[in-house]
Amino acid sequence: MRRILVLLSLCRFVWGISTSFPTTVATATTPPSLSNVESVSIINRTERTLTMQWNKVDNKNYNYTLIYDSQNININGSVDGSVVTYTVKNLTAGTNYKFTLYTKTQVAQSTGYNFTSVTSPNNVNKISVKNRNKTELILEWDKVNNNSNYNYTLCYNNQNVSINGLGEGSAVTYTVQNLNAGTKYTFILYTVFTDVQSTGKSLTTVTTPSQVAKISVKNRSETELILEWDKVNNSSNYTYTLCYNNQNVSINGSEGGSAVTYTVPDLTNGTEYTFILYTVYEGVQSTGYTFKSVTTPRQVANISVKNRYETELKLEWKKVNNNSNYTYTLCYNGQNVSINGSGEGSAVTYTVQNLNAGTNYTFILYTVFKDVQSTGKTLTTVTTPLSVANVYVNSCNETSLILKWDKVDNNNIYNYTLSYNSKNISLSGSEEGSVVTYTVTDLTAGTAYIFTLYTVFDGVESRGYNITSHTIPNRVTGLHCQYSSGGYGLTLAWDPPNGGRTAVQVNMSSTSFSHTGERLKIDGLLPAQWYTFTVSAFSGSIQSVPVSITCQTDPRGVIAGVLTSLLLVILILCIGIFIWHHKSKTSSKSKISSNKYKPIPLKNFPGHFSAMSCDENRGFIEEYEDLSTVGTDQSCKIATLPENKDKNRFSNVQAYDSSRVKLAEPPGSDSDYINANYIHGYGKKKKQYIAAQGPLPFTVNDFWRMVWEQKSSAIVMLTNCTEGGKTKCEHYWPMDNMPCLYGNLLVTIQSEQKESCWTQREFIIRNESTSEEQAVTHFHFTAWPDHGVPNRTEELIQFRWIVRKHIETFPFSGPTVVHCSAGVGRTGTLIALDLLLQQMEKEELVNIADCVRGMRVSRPLMVQTQSQYVFLHQCIMESLQPKEESIPEPIYENSEMIISNALALQEYKASNKRV
């Protein structure tokens, strides 16, 4: 600058010399010296401008020249006031500029005042939140002008934080710490260059809010959950987002109170849901509170009583939603029972035990899922009441009888139903007293009636108590006498009964005659004599009012009487000869000579079996057909009496008179008949078996009477109670461990052991009249179809050995009772097998045809089908085979069973080895 001034002075000097002025010698003068400004203040600055201010030099209106970046700017200093202000424009932001300010006149300028100043740096373009949590915010921004020389100042919460921008990369990251959760913060970020800040970039953002401390289920139903939680920080500024099932629900938290409640609708019953609850503040969510909860499962649709007993109720219900993940809680009598629902099938069955008979119970069944119960399904039902202990006939006449019984448990809450002749009569038990009395009217005289009395409680009947009784028959009417036998006899005649009767008894002096018809001829009397007869009708053991008549024998001549007597003797002889001759023929017909059927030695039996099997079992067919008439001519007179006909299950299977089992006739019994026959055992063992039909509903008491009276220690049952949807045999033993009364016999199950093909039970029979007891073993073979044969011979052979060993263990007990349905097919086959295996062991030969012949003489149709007859031969063939492997022994809990069955099986194996 000084050089420029010198040059200007020289130019002016030369110009002065060369100008054609008058030649005058002038003396050069030095311009006066100007002062520099004392100082320059920057009173404002921006990214593009700097506003400067200084005091006028000497307070005079000098001009000024500002030089920077090769630019000269003339500034007029003649403004009013003592200061000069000038704004430098079009600068670059964040740049350090060097300035020289000259004081200037037309002829002089100062030496220049040097100073530097910077423009404001640019603000950052954008501040972003890179990450956040409850106490921190990670901020990030691009470096201004990608310049690492800039620093930054972050201002928030009355704090100024200096941040170095020297790091690598084009961005600056800073973590703001020690913040409060869920709080709004305003940040101002200044770019700093040589202590000069930018105007500042603002950012308002929030920290992550805290999550809720806990969510509770305030209430629930099958389709809703009512959730509740405390407001975070007890602040109403927060909202909440609930996420579940791919749904996001926004929930306002500004309502009054310190808690938020929300009802989640439209849910599915008995379902587990996963919820995530976010606290939301200014669009920022918390990390989320996760919890699971379930809706209330549905209650079961219905509870049914599948079976009921005196101390048990078997309940059944359909699984809710057919879901096996649910469990169930059954509440009753102060008990809560947990029941697993994971079993197979769509239903759940549970047996409630140890209940009281004839008692009303209320059950509440809850469906349970994840410890949450349904609303509960209520069932009120009752156990089966006890049956009456005894019913007795107080009195009777021709058309009515009076029944009496003690009230069950001496309780008036029970009613009773009396069933007879397809009638059901409801009787109240609420009257005072401990005894119920009922008069049965409109009965028929001389008729046997089977009464079944049920205890009734809330519509549920007990097991029936059966009693059979007869009405008194009407007295005999139309009684009159007729001569007969030439004066040596009389014929009494009377009218047919008005009602029923089983016999008419005629008493003459000390002699009695019993007759079932309407005429009775009495011989052996004297002619012309008077005789008094007392005639009574009987129905069972019940006698009518007697009727008397006095008659005289024929008084005509002695000669006529003698002739008549001779003729009578001749007639009797002829009849006797005829009967003897007829019997002889019958006997020869019935008793097929045993010589016809030759025994087969065991060594020849395989060949015999093969020969019989030829031509499609032709030999078996012919031999079996040859046995078809054996025993068929025998009398079944008692079985066909009117009072006994209904006691036969099948009309073609009736007990022969000659071999039938007779029941003792206690008072009130109408007959000694039961459809059962004695069958002789092997060798000289008479009456070792009783072949019987399966009991009918009204012959169960008779069946147990027979077992008791015959002192039988074993019952062999070869049928199931129901086969092919048809009843084959009445269930004649107790259903459970509760004793059952059959007549005056109380039967109790002591134990029960089930095997694959049979079940063995131990019974105790107690005579309530005498307090005597008798043990009976029940062998129940369950794998034998009606009219058919078992699948495997070995199963029946093994079963027979167990029965045989029991018989031999109790040699002094009565006959073994064997029955199926009719008591001939399966029954005959098992008895024959037992006889044949004994014969095989003792004699080393068998005679199957003769064995069947012998049984058919005692009971019809024994071994009922040809297939059963062939099966007997197959069993013998099986028994002849050597056994290399031992037959597995069944395991029994009862020690007596273990001993007897083990012995049986050991002997079975030994026998097979011997053969």
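Quick note: the sequence shown uses my numbering, first residue 28, plus one each step.
C-beta atoms are modelled at their ideal positions from N, C-alpha and C, and glycine is treated no differently.
The continuous alpha helix (DSSP H) containing Y896 extends over residues Q893 to L907.
The beta-bridge partner set that DSSP reports for I154 is empty. Within the model, the alpha-carbon separation for H807 versus G852 is close to 16 angstroms. Within the region 661-685, the runs of alpha helix (DSSP H) that reach at least 4 residues and sit entirely inside it are, in chain order, 669-672. Cα atoms of S662 and D684: separation of roughly 6 angstroms, rounded to the nearest angstrom. In the structure shown, F837 adopts coil according to DSSP, grouped into three states. Counting C-beta atoms within 10 angstroms of its own C-beta, K346 has 16 or more neighbours from the protein chains shown and is therefore classed as buried. Secondary structure of L382 (DSSP, three-state): coil. The alpha-carbon of T529 is positioned some 10 angstroms away from that of N671.
Rounded to whole angstroms, L118 and T146 show a C-alpha spacing of 7 angstroms. Y700 is the residue among Y700, N451 and Q681 whose C-alpha sits nearest the C-alpha of V688. Restricting attention to beta strand (DSSP E) runs no shorter than 3 residues, the region 249-315 encloses them at 252-257, 266-271, 274-279, 286-291 and 299-308, ordered along the chain. Rounded to the nearest angstrom, the gap between the Cα atoms of N675 and V395 is 55 angstroms. In this structure, the CA atom of E905 is about 15 angstroms from the CA atom of L857.
The three-state reading of DSSP puts C878 in helix, counting H, G and I together. Per DSSP, N360 has no beta bridge partner at all. Looking at the DSSP output, M639 sits in no beta bridge, so it has no partner there. In this structure, the CA atom of T854 is about 17 angstroms from the CA atom of I903. Membership of K228 in the beta strand (DSSP E) is indicated by the continuous run K228 to V233.
In this structure Y113 touches L93 by the C-beta definition: roughly 7 angstroms separates them, less than 8 angstroms. Excluding the 5 residues flanking it on each side, S189 has same chain C-beta neighbours closer than 7 angstroms at N178 and T180, in chain order. Note on geometry: alpha-carbon atoms of G486 and N387 lie some 11 angstroms from one another. Judged by their CB atoms, T482 and V420 are not nearer to each other than the 8 angstroms cut-off. Nearest C-alpha to E488 among T468, T408 and I706: T408.
Under the three-state reduction of DSSP output, N88 falls in the coil class, being neither helix nor strand. Ranked by how close their Cα comes to the Cα of W521, the residues S512, N501, G513 and S537 have N501 in first place. In this structure, the straight-line span from the alpha carbon of F220 to that of Q274 is close to 51 angstroms. Residue state for W760 is assigned as coil, using DSSP reduced to three classes. Annotation: D169 is outside any alpha helix (DSSP H); the continuous beta strand (DSSP E) that includes it extends over L164 to D169. When secondary structure is reduced to three states using DSSP, G646 falls in the helix class. For M889, the three-state secondary structure derived from DSSP is coil. The C-beta separation of Y716 from V845 comes to about 6 angstroms, placing the pair in contact by the 8 angstroms criterion. Taking all protein chains shown into account, P412 has 16 or more neighbouring C-beta atoms within 10 Å of its C-beta and is therefore buried. Under the three-state reduction of DSSP output, D550 falls in the strand class. By the Cβ neighbour-count rule, R72 is buried, with 16 or more other Cβ atoms within 10 Å of its own. Apart from the 5 residues on each side of it in sequence, Y769 sits with its Cβ closer than 7 angstroms to the Cβ of V727, N728 and W731 in its chain, given in chain order.
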